[in-house]
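Written below as structure tokens is the structure these notes are about.
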Amino acid sequence: MGLFEVRTIEECTRLDTITDPRGINYLEFSCMYPILESTYMKWETDMPRMWPRLLKNYTFMLNNPITPFVAIAIYGLLCTYGPRYFNGRKAWDLRNSLAAWNFFLSTFSFMGAMRLVPQVLHLLTNYPIRENICGDVGFFYSRGSSGFYMQMFILSKFP
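Set out below in structure tokens:
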């Protein structure tokens, strides 16, 4: 197989038996394009080792639906009362911390984009718009390397 050839979905469909003993099919997108596959690290595509950790996060999110509302309330209180508290106090020197945070965030965003944008482009060019909007999101985005980066993106919204 050449570097620029595309494998079929059947060749790259994997079976997840960790979350469901009967097995759930998912697409390991890194398998479809050999040129992209070489850019993935082993841990990104190692579903049996990676998924149990992600499953803990997912289970926590399902079992604690109140958490985002509490976070929003705390955020609102900090935005309202924070300026009053710090009014008249010496400003903190956070330049180095903020520079490090921005570097981490931009690196994280770049990695996520490098993993998810090719898959989105593949789906948009190979499937009708109805399939892109109404299709099985779990098959394309919930497991494997795409599932990892999708979950990290979602969790990054709640540091």
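Okay, so the sequence shown: first residue is 4 according to the numbering used here, each after it adds one. Cβ atoms here follow ideal geometry from the backbone N, Cα and C, with glycine treated the same way.
Helix, strand or coil at residue i [DSSP, three-state]
i, result
"Ile-75", "helix"
"Ile-27", "strand"
"Thr-11", "coil"
"Lys-93", "coil"
"Gly-138", "coil"
"Thr-42", "coil"
"Lys-160", "coil"
"Ser-145", "coil"
"Ile-69", "coil"
"Pro-55", "helix"
"Met-50", "helix"
"Met-114", "helix"
"Met-155", "helix"
Buried or exposed (CB count within 10 angstroms, at least 16 for buried), residue i
i, result
"Tyr-84", "exposed"
"Glu-31", "buried"
"Tyr-78", "exposed"
"Trp-95", "exposed"
"Arg-133", "exposed"
"Gly-150", "buried"
"Phe-143", "buried"
"Ser-54", "The amino acid occupying residue 54 in the given sequence is Trp; Ser does not appear at that position. Trp-54 should be labelled buried."
"Arg-92", "exposed"
"Arg-87", "exposed"
"Arg-146", "buried"
Cβ separation of residue i and residue j, assumed to be a contact under 8 Å, to the nearest whole Å
i, j, result
"Arg-10", "Met-35", "5 Å"
"Gln-154", "Leu-57", "6 Å"
"Tyr-130", "Gly-141", "About 15 Å; that fails the 8 Å criterion."
"Tyr-152", "Gly-115", "5 Å"
Residues bridged to residue i [DSSP beta-bridge criterion]
i, result
"Thr-16", "Leu-30"
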